[in-house]
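Residue numbering for the sequence shown follows my numbering, beginning at 174 and increasing consecutively. Report on one structure; see the data block that follows.
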Amino acid sequence: MGAVTDKALDDTARRAIRGDGTTEDEWNDWPGLARLPAIDAEQLVPAGARVVVVAPHPDDEVLAVGGLLAQLAQQGREVVVIAVTDGTASHRGSAVWPPERLARNRPRESLRALERLGLSIEPVRLELPDGGLQAMQAMLAAQLVSLLRPHDVVFTTWRRDGHPDHEATGQACALAAASAGARLVEVPVWGWHWARPADARMPWRHARRLLLDPEALRRKRDAVRAFTSQLRRDPSTGAPPVLRATTLARAQRPYEVVFL
């Protein structure tokens, strides 16, 4: 038992989110990304299917599949966004961004971002504790089952993304989708940060590359800029922006990668 636990802890440590992470230039220099099999919005979301995006924190819906959402909005497809937390732990110890202010601002930022993608929808807010989802994985899965329908296509963060909330949300979505008869699509967000080109820890054989048309890409870039609380240095703690320059560079890609 101890050896298994030590191995699990070591694996988690190797996926830790530290520093600026792998740069976009490094990813762009790797030909493996261009060789990923292509997929389009219609293949990902069959006609008549509802799209459900489950975001651990406000902004994950845009960082993960903002371009896809813009394309689906142009097509008039039915989209539901489920916000698991309100992102109240993004600025620990901050006098400028205490949890109470974040609880007000981050959902508003998410609404503005969705509007910029062309979606006039109000996310379903579960209001679970930011940073505490690992201990609430079973509860989250049960809540999601009640919100899903058969044949939904559920997009969420990858189960090995590196961030504990992202991984717990991915695990809960996998359980809920299987129970509800929905299809699960996982998306790396922080995985790009700790992984390296050709990294064997990434499930490349399950990866597909969704090309974004110019309008969808423009809308995604505009949507990312709606998350102003995450884009500014915190003067009260000296902490840099939550969304690092490398994260923002990835949001400029003319494609998105999903795991099927």
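Ideal Cβ positions, reconstructed from N, Cα and C, are used throughout, including at glycine. Since this is a predicted model, take the numbers as computed values, not measurements.
Three-state secondary structure (DSSP) of residue i
i      : result
Arg398 : coil
Ala422 : helix
Pro414 : coil
Ala262 : coil
Ala237 : helix
Ala211 : strand
Arg374 : coil
Thr342 : helix
Gln248 : coil
Arg279 : helix
Arg369 : coil
Pro272 : helix
Ala220 : coil
Lys180 : Legend: pLDDT at Lys180 = 49, less than 50; position of this residue unreliable, no value from coordinates given.
Pro204 : coil
Pro231 : coil
Arg391 : helix
Arg405 : coil
Ser352 : helix
Thr195 : coil
For residue i, the residue or residues it bridges with in DSSP
i      : result
Val226 : Val254, Phe328
Glu429 : Leu383
Glu359 : Thr329, Phe432
Ile190 : Answer is none; Ile190 lacks a bridge partner.
Which listed residue (the options) has its alpha carbon closest to that of residue i
i      : options                        : result
Ala389 : Leu241, Ala308, Gly260, Ala353 : Leu241
Met375 : Val218, Leu433, Lys393, Ser319 : Leu433
Gly266 : Asp232, Leu236, Arg426, Ala412 : Ala412
His366 : Gly335, Leu383, Arg392, Gly304 : Gly335
Val252 : Asp395, Val218, His339, Glu282 : Val218
Ser409 : Val269, Cys346, Pro302, Leu292 : Val269
Val254 : Ile212, Trp200, Ala351, Glu295 : Glu295
Gly221 : Gln248, Thr195, Thr401         : Gln248
Glu288 : Ala396, Arg277, Gln307         : Ala396
Leu244 : Gln403, Glu215, Ser263, Asp372 : Inspection of the sequence shows that residue 244 is occupied by Gln rather than by Leu. Cα-wise, what sits closest to Gln244 is Glu215.
Pro427 : Thr401, Ser402, Leu385, Asp407 : Leu385
Thr196 : Val431, Thr401, Ala418, Ile190 : Ala418
Leu404 : Arg223, Glu282, Pro272         : Glu282
Ala311 : Ser352, Leu383, Asp233, Leu421 : Ser352
Asp303 : Trp331, Arg332, Pro337, Leu209 : Pro337
Ala262 : Ala315, Asp372, Pro229         : Pro229
Beta-carbon separation (whole angstroms), residue i vs residue j, contact threshold 8 Å
i      : j      : result
Leu290 : Ala246 : 6 Å
Val227 : Thr342 : 6 Å
Arg285 : Ala399 : 4 Å
Leu321 : Val238 : About 17 Å separates the two Cβ atoms, so there is no contact after all.
Asp259 : Leu236 : About 16 Å separates the two Cβ atoms, so there is no contact after all.
Ala345 : Leu301 : Wrong, their Cβ atoms sit about 10 Å apart, outside the cutoff.
Arg477 : Pro204 : With the chain covering only 174 through 433, there is no way to say anything about residue 477.
Val326 : Val358 : 6 Å
Within-7 Å CB hit, residue i to chain D
i      : result
Pro296 : Considering every chain present, this structure includes no chain D. It has just one protein chain.
Please specify which runs of the beta strand (DSSP E), each continuous and at least 3 residues long, are wholly inside the segment 289 to 335, giving them in chain order.
297 to 301, 326 to 330
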